[in-house]
Amino acid sequence: MGSHGIRDRVAIVSVGCTPFGEHWNRSADDLLVEAVNETLNPIGLGKQDIDAYWLGTAQRSCGITLAKPLELEGKPVSRVENFCATGSEALRQASYAVASGAYDIAMAVGVEKVKDAGYQGLPATQPPNDGTVRNLTAAAMYSMIAPAYAKKYGVSEGEVRDALSHIASKNHYNGARNPRAQFKREVSKEQVEKAPKMAGTLGVFDCAGVADGGAAAIVVRAEDAHKYTDKPLYIKALSLVAGNGSGLQDPNYDYTTFPEVVDSAQDAYAQAGITDPRGQLAMAEVHDCFTPTEMVLMEDLGFCDRGTAWKEVLAGTFDLGGDLPVNPDGGLKSFGHPVGASGLRMTFECWLQLRGEAPEQRSLGNDRNLALTHNLGGYPGEMVSFVSILGTDPG
Amino acid sequence: MGFEAARLALRSAGDDGCPNALWFSTVTPAYVDKTNATTIHEALRLDDDVPAFDFGGAQRSAVGALRTALNGPGTTLVVASDIRTGLPGGGDEVSGGDGASAVLVGDGPAVIAEYLGGASQSEEFVDRWRAPGGERSKLWEERFGETRYLPLGERAFQAVLKEADLSPEQVDQLIVTGLHTRAATALAGRLGVAGENVVDNRAGAIGNTGAAHPGLLLTSVLESATPGKVIALLVLADGADAMVFRATEAIASFQPSRTVDAQTEGGAPVTYGKFLAWRKMLPLEPPRRPEPLRPSSSAAGRSLDWKYGFVGRADPDTGAPQMPPLPSGSDPIPMADVPGTIVTYTIDHLVYSESPPVIFGIVDFDGGGRLPIELTDVAPDDVKPGVRVEMTFRKLFTSDDIHNYFWKARPIRGAN
Numbered sequence: 001m002g003s004h005g006i007r008d009r010v011a012i013v014s015v016g017c018t019p020f021g022e023h024w025n026r027s028a029d030d031l032l033v034e035a036v037n038e039t040l041n042p043i044g045l046g047k048q049d050i051d052a053y054w055l056g057t058a059q060r061s062c063g064i065t066l067a068k069p070l071e072l073e074g075k076p077v078s079r080v081e082n083f084c085a086t087g088s089e090a091l092r093q094a095s096y097a098v099a100s101g102a103y104d105i106a107m108a109v110g111v112e113k114v115k116d117a118g119y120q121g122l123p124a125t126q127p128p129n130d131g132t133v134r135n136l137t138a139a140a141m142y143s144m145i146a147p148a149y150a151k152k153y154g155v156s157e158g159e160v161r162d163a164l165s166h167i168a169s170k171n172h173y174n175g176a177r178n179p180r181a182q183f184k185r186e187v188s189k190e191q192v193e194k195a196p197k198m199a200g201t202l203g204v205f206d207c208a209g210v211a212d213g214g215a216a217a218i219v220v221r222a223e224d225a226h227k228y229t230d231k232p233l234y235i236k237a238l239s240l241v242a243g244n245g246s247g248l249q250d251p252n253y254d255y256t257t258f259p260e261v262v263d264s265a266q267d268a269y270a271q272a273g274i275t276d277p278r279g280q281l282a283m284a285e286v287h288d289c290f291t292p293t294e295m296v297l298m299e300d301l302g303f304c305d306r307g308t309a310w311k312e313v314l315a316g317t318f319d320l321g322g323d324l325p326v327n328p329d330g331g332l333k334s335f336g337h338p339v340g341a342s343g344l345r346m347t348f349e350c351w352l353q354l355r356g357e358a359p360e361q362r363s364l365g366n367d368r369n370l371a372l373t374h375n376l377g378g379y380p381g382e383m384v385s386f387v388s389i390l391g392t393d394p395g
Numbered sequence: 396m397g398f399e400a401a402r403l404a405l406r407s408a409g410d411d412g413c414p415n416a417l418w419f420s421t422v423t424p425a426y427v428d429k430t431n432a433t434t435i436h437e438a439l440r441l442d443d444d445v446p447a448f449d450f451g452g453a454q455r456s457a458v459g460a461l462r463t464a465l466n467g468p469g470t471t472l473v474v475a476s477d478i479r480t481g482l483p484g485g486g487d488e489v490s491g492g493d494g495a496s497a498v499l500v501g502d503g504p505a506v507i508a509e510y511l512g513g514a515s516q517s518e519e520f521v522d523r524w525r526a527p528g529g530e531r532s533k534l535w536e537e538r539f540g541e542t543r544y545l546p547l548g549e550r551a552f553q554a555v556l557k558e559a560d561l562s563p564e565q566v567d568q569l570i571v572t573g574l575h576t577r578a579a580t581a582l583a584g585r586l587g588v589a590g591e592n593v594v595d596n597r598a599g600a601i602g603n604t605g606a607a608h609p610g611l612l613l614t615s616v617l618e619s620a621t622p623g624k625v626i627a628l629l630v631l632a633d634g635a636d637a638m639v640f641r642a643t644e645a646i647a648s649f650q651p652s653r654t655v656d657a658q659t660e661g662g663a664p665v666t667y668g669k670f671l672a673w674r675k676m677l678p679l680e681p682p683r684r685p686e687p688l689r690p691s692s693s694a695a696g697r698s699l700d701w702k703y704g705f706v707g708r709a710d711p712d713t714g715a716p717q718m719p720p721l722p723s724g725s726d727p728i729p730m731a732d733v734p735g736t737i738v739t740y741t742i743d744h745l746v747y748s749e750s751p752p753v754i755f756g757i758v759d760f761d762g763g764g765r766l767p768i769e770l771t772d773v774a775p776d777d778v779k780p781g782v783r784v785e786m787t788f789r790k791l792f793t794s795d796d797i798h799n800y801f802w803k804a805r806p807i808r809g810a811n
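Sequence order for the protein chains is F and C. So in my numbering the end of the first sequence lands on 395, straight run, no missing numbers. So in my numbering the end of the second sequence lands on 811, straight run, no missing numbers.
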């Protein structure tokens with residue numbers, strides 16, 4: 001019994017990512033084909049060279065969703081879904097399949113076509129139910145964090161507000177330096193604060209954008225990695241925790257932490273042998289669906305002490321060039337959140353940064369060689385949380 | 396509203412309040428074909444063998460249900476509820492009120508008002524009428540109805556006094572009500588009862604709640620009556636129905652769970668725009684979010700205790716209520732009457748609602764248990780951590796003509 005991980009047994013040899021945005025003229029099929037080709041072409045592989053596919057998408061059903069547009073012949077395709085961590089789940093399944101020896105080369109693909117629904121925000125679909133299911137937007141659920149955090153740590157709501165604005169502004173600054181981002185312009189803290197309110201004290205700029213997009217990654221056994229690239233990324237850890245929803249019923253839950261994130265981070269650090277994430281990681285891509293989420297994640301992922309995230313944010317610790325750059329690509333804030341693709345979009349930024357291929361304007365300012373992605377789905381008190389650690393050096 | 400009134404009536408009756416029938420009457424039913432009384436029955440958690448019937452259609456059905464219960468055996472909970480709609484600018488819009496009343500009818504030492512007798516007069520005339528499902532009533536010339544109602548009312552009143560062997564001077568409280576206000580007012584002055592003994596119709600604060608009004612006025616009189624007092628109720632609707640009661644010794648110790656006065660004083664203003672929107676007379680721009688799915692009848696059927704009764708289940712390890720119950724839950728824990736406190740809250744401007752914005756609170760219940768739940772009857776500025784709340788049974792939305800009933804939390808009036 002135990003969570004042992006597959007440290008250094010599987011390597012990522014290619015990652016691709018489409019531009020994210022309102023692709024009114026492009027279908028999910030178009031985005032899938034582009035993401036897959038972006039991933040195959042750099043290493044000279046064809047679609048039939050992949051032994052098995054895992055497709056992450058929240059809205060579409062089965063493996064045919066991928067086999068049809070790619071016109072695959074006789075290939076296994078599994079469609080996976082795990083709330084907003086769907087893209088990461090595809091990577092996890094593909095990696096474990098390779099680690100098991102079942103396949104030599106597997107691809108994780110993620111896609112979401114959000115903007116065809118005709119509604120603002122992410123489409124929420126529920127199975128038929130008894131009508132007592134909570135009817136609340138994600139923005140509203142996450143908006144409860146800011147006042148709870150301020151109260152618990154004796155920080156003024158103004159100081160917390162300042163930190164949240166810094167997070168939004170920082171991620172837009174990074175996104176403004178990323179050609180694939182949905183929003184490619186800087187947003188000042190003043191603009192963040194003046195934006196119309198969506199829920200609680202959260203304004204438009206405290207929320208992730210809504211975009212279509214696709215991304216993909218190819219994984220092989222570590223010993224085969226150099227057949228495909230000189231600079232593979234080794235999978236150091238993959239961890240997933242599905243919460244049991246107890247936070248919604250437990251009077252001790254105080255909306256200042258996500259226990260599922262703490263658990264998945266600790267598991268991932270143990271798998272990867274990381275003892276000092278802030279000192280060892282070159283960067284982290286985290287699930288900034290709302291600005292308070294990113295603030296709390298800094299503590300849950302062990303990047304700073306409890307009650308200090310707001311201060312560290314304001315000190316620039318997580319800015320480009322800071323102690324530990326967070327969301328150097330611009331995050332969900334700048335990319336929007338096509339559910340099936342987001343986790344793999346995070347992997348793409350690790351791929352670029354650790355291989356030294358990110359543009360100079362998004363330079364991390366350190367030469368460490370480990371990166372973290374964190375992807376969550378659900379709400380405070382009831383979520384799934386995924387953490388991966390990737391690195392350039394095996395062993 | 397019907398459930399709320401029924402719940403208050405049963406609470407006031409305490410241990411004596413265990414009806415073996417539930418009768419519900421309204422002119423504005425949530426459903427036809429399907430019985431509405433069963434919704435109240437389920438939310439009250441009455442036993443399955445307690446019949447629940449609707450007395451539908453007309454204003455007069457409500458007073459008819461009351462009289463029938465008074466003449467029958469057993470303990471019957473008679474509930475009446477009404478939403479008085481009228482087109483903007485019309486008299487019914489101004490004079491109407493929404494309300495519900497419930498009267499528990501039975502025998503035994505706990506009875507607070509003894510039924511001395513009743514009488515009716517019936518006559519066919521078209522004075523006030525409405526097509527089924529229509530949003531307004533139409534009225535004949537006012538004087539015509541008055542000339543019909545006055546003699547009908549006089550005859551019914553004289554007949555009931557004769558049956559009870561009383562004279563008009565012995566009536567301590569006279570209630571005359573009906574949607575024909577002019578006839579009711581005129582009649583009250585012609586029955587030989589002193590003016591100071593005529594009960595105020597509460598038109599100023601509440602308006603005329605139609606089918607619910609006879610029970611509402613009777614309730615308010617009983618809340619302050621003393622033993623031995625004689626109360627006459629005369630209702631004008633397509634005839635006249637009269638009943639006479641005498642307050643018993645038990646009324647001296649009667650403790651209403653929430654008086655009509657307390658509810659009237661606890662009111663809050665509603666803007667006219669919101670009022671019209673709630674009435675579906677002013678269509679509002681919907682949020683650009685998907686409309687809710689209709690609740691699944693089979694799924695609802697599997698969670699009757701939770702959805703209608705607000706009953707949690709005990710956590711096997713801690714004993715704390717699981718809300719909603721989990722597969723591991725053990726003994727049922729009724730939570731509908733358990734107050735709670737808001738721990739934190741948020742205001743959602745985006746989510747689909749028939750009355751945006753949605754105000755949502757995390758509520759910790761006294762004695763254990765927590766539930767994130769929608770708040771109601773509260774202004775955004777009045778919500779804050781620490782506010783005390785109670786649970787109230789509400790319609791969350793309607794989809795495919797199915798009304799989705801569940802519970803919301805409401806600040807306890809006078810507690811915050």
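All C-beta atoms in this analysis are idealised placements derived from N, C-alpha and C, irrespective of residue type, glycine included. Computed from a prediction, not measured in an experiment: that's the story for all the values here.
Quick one: what's got a C-beta closer than 6 Å to A28/F's C-beta in the same chain, skipping five residues either side? Hits under 6 Å: V111 and K113.
Straight-line gap, G878/C to A475/C (C-alpha atoms, nearest Å): With chain C running from 396 to 811 in the structure shown, residue 878/C is simply not present.
Using three-state DSSP, classify D162/F as helix, strand or coil. The three-state reading of DSSP puts D162/F in helix, counting H, G and I together.
Suppose only complete runs of 3+ residues qualify. What are the beta strand (DSSP E) ranges in the segment 75-149 of chain F, listed by chain order? Within the segment 75-149 of chain F, the complete beta strand (DSSP E) runs of at least 3 residues are 77-80 and 105-112.
For the segment 155-174 of chain F, which residues have a beta carbon sitting closer than 7 Å to at least one beta carbon of chain C? For the segment 155-174 of chain F, which is checked against every Cβ of chain C, not one residue is closer than 7 Å.
Over what stretch of residues does the alpha helix (DSSP H) that includes E349/F continue unbroken? If you look at E349/F, you'll find it in the alpha helix (DSSP H) that goes V339 to L354.
Thinking C-alpha only, which one of T257/F, D49/F and Y153/F is nearest L70/F? Among T257/F, D49/F and Y153/F, the Cα nearest to that of L70/F is on D49/F.
Nearest chain D C-beta to Q249/F closer than 8 Å, yes or no? Here chain D cannot be found, since the structure's protein chains are F and C.
For the beta strand (DSSP E) holding Q568/C, just list the boundary residues, first then last. Where Q568/C is concerned, the enclosing beta strand (DSSP E) stretches over Q568 to G573.
Nearest residue (CA-CA) to D250/F, options M298/F, V296/F, A268/F and E382/F: The residue with the shortest Cα to Cα distance from D250/F is E382/F.
Answer yes if the segment 28-37 of chain F comes into contact with the segment 221-241 of chain F, meaning at least three C-beta pairs across the two stretches below 8 Å, and no otherwise. The answer is no - the segment 28-37 of chain F does not touch the segment 221-241 of chain F, with fewer than three Cβ pairs under 8 Å.
State buried or exposed for G203/F, treating a residue as buried only when at least 16 other CB atoms are found within 10 Å of its CB. Counting Cβ neighbours within 10 Å, G203/F comes out buried, since at least 16 surround it.
Terminal residues of the continuous alpha helix (DSSP H) containing S407/C? Element bounds for S407/C: G397 to A408.
Give me the chain F residues within the contact set of H744/C, using Cβ-Cβ distance strictly less than 7 Å, ordered along the chain. Result: K197, M198 and A199.
What are the start and end residues of each continuous beta strand (DSSP E) run of 3 or more residues lying completely inside the segment 665-753 of chain C, in chain order? Listed in chain order, the complete beta strand (DSSP E) runs (minimum 3 residues) inside the segment 665-753 of chain C are 706-709, 727-729 and 735-743.
Selection of the segment 708-729 of chain C by Cβ proximity to chain F, strictly under 7 Å: Of all residues in the segment 708-729 of chain C, only Q717, M718 and P719 come within less than 7 Å of chain F when Cβ atoms are compared, listed by chain position.
Cβ distance (whole Å) where K189/F is taken to contact S165/F below 8 Å: Going by Cβ atoms, the distance from K189/F to S165/F rounds to 4 Å, so yes, they are a contact pair.
Within 10 angstroms of its Cβ, does W524/C collect 16 or more other Cβ (buried), or is it exposed? Burial call: exposed.
Curious, which full-length alpha helix (DSSP H) runs of at least 4 residues does the segment 289-333 of chain F contain? Correct list: 291-300 and 309-314.
I need the straight-line Cα distance from I105/F to G279/F, nearest angstrom please. Each residue's Cα considered, the two are about 33 Å apart.
For H226/F, is the classification buried or exposed, using 16 other Cβ atoms within 10 angstroms of its Cβ as the cut-off for buried? So H226/F counts as exposed.
What are the uninterrupted segments assigned as alpha helix (DSSP H) that are 4 or more residues long and contained completely in the segment 158-241 of chain F, given in chain order? The segment 158-241 of chain F contains these whole alpha helix (DSSP H) runs: 189-194.
Please report the straight-line C-alpha distance between M730/C and A709/C, rounded to a whole angstrom. Spanning the two alpha carbons is a distance of roughly 11 Å.
Spatial neighbours of Q182/F within its chain, please: CB distance less than 7 Å, with the 5 preceding and 5 following residues excluded, ordered by chain position. Within the same chain, Q182/F has close Cβ partners F20, G21, G209, A211, S334, F335 and G336.
Can you tell me the Cβ-Cβ gap for G696/C and V630/C, rounded? I've got them flagged as a contact below 8 Å. Taking 8 Å as the upper bound for CB-CB distance, G696/C and V630/C are not in contact here, some 38 Å apart.
On the DSSP letters alone, give me the boundaries of the beta strand (DSSP E) that V387/F sits inside. Here the beta strand (DSSP E) through V387/F covers E382 to G391.
Under DSSP, the beta strand (DSSP E) around Q59/F begins and ends at which residues? Going by DSSP, Q59/F is part of no beta strand (DSSP E) at all; its letter is neither H nor E.
Whose C-alpha, out of D761/C, T739/C and Y740/C, is nearest the C-alpha of I728/C? Comparing Cα-Cα distances from I728/C to each of D761/C, T739/C and Y740/C, the minimum goes to D761/C.
Within a Cβ cutoff of 7 Å, which residues of the same chain sit near Q454/C, ignoring the five residues on either side of it in sequence? Here the set comprises V422, L574, G605, A606 and A632.
Mind the definition here: the segment 677-697 of chain C touches the segment 610-629 of chain C only if three or more C-beta pairs lie below 8 Å; say whether that holds. Flag = no, the segment 677-697 of chain C and the segment 610-629 of chain C do not touch.
When Cβ atoms are compared, which residues of the segment 735-765 of chain C fall closer than 9 Å to chain F? Against chain F - using a Cβ distance shorter than 9 Å - the residues of the segment 735-765 of chain C are V738, T739, Y740, T741, I742, D743, H744, L745, V746, Y747, S748, P752, V753, F755, I757, D759, F760, G763, G764 and R765.
Quick check on P775/C - is its C-beta less than 8 Å from some C-beta in chain F? No, because no Cβ of chain F sits closer than 8 Å to the Cβ of P775/C.
Three or more C-beta pairs under 8 Å: does that hold for the segment 156-171 of chain F against the segment 119-136 of chain F? No, the segment 156-171 of chain F does not touch the segment 119-136 of chain F.
Residues in the segment 539-566 of chain C with C-beta within 9 Å of chain F's C-beta atoms, listed in sequence order? Contact residues of the segment 539-566 of chain C toward chain F are absent (C-beta to C-beta distance below 9 Å).
Less than 8 Å between the C-beta atoms of E537/C and A581/C, yes or no? When the beta-carbon positions are compared, E537/C and A581/C stay at least 8 Å from each other.
Whether or not the segment 212-232 of chain F and the segment 342-358 of chain F are in contact is what I'm after, with contact meaning three or more pairs of Cβ atoms, one per stretch, closer than 8 Å; do they touch? In short, these stretches touch, since the Cβ pair count reaches three.
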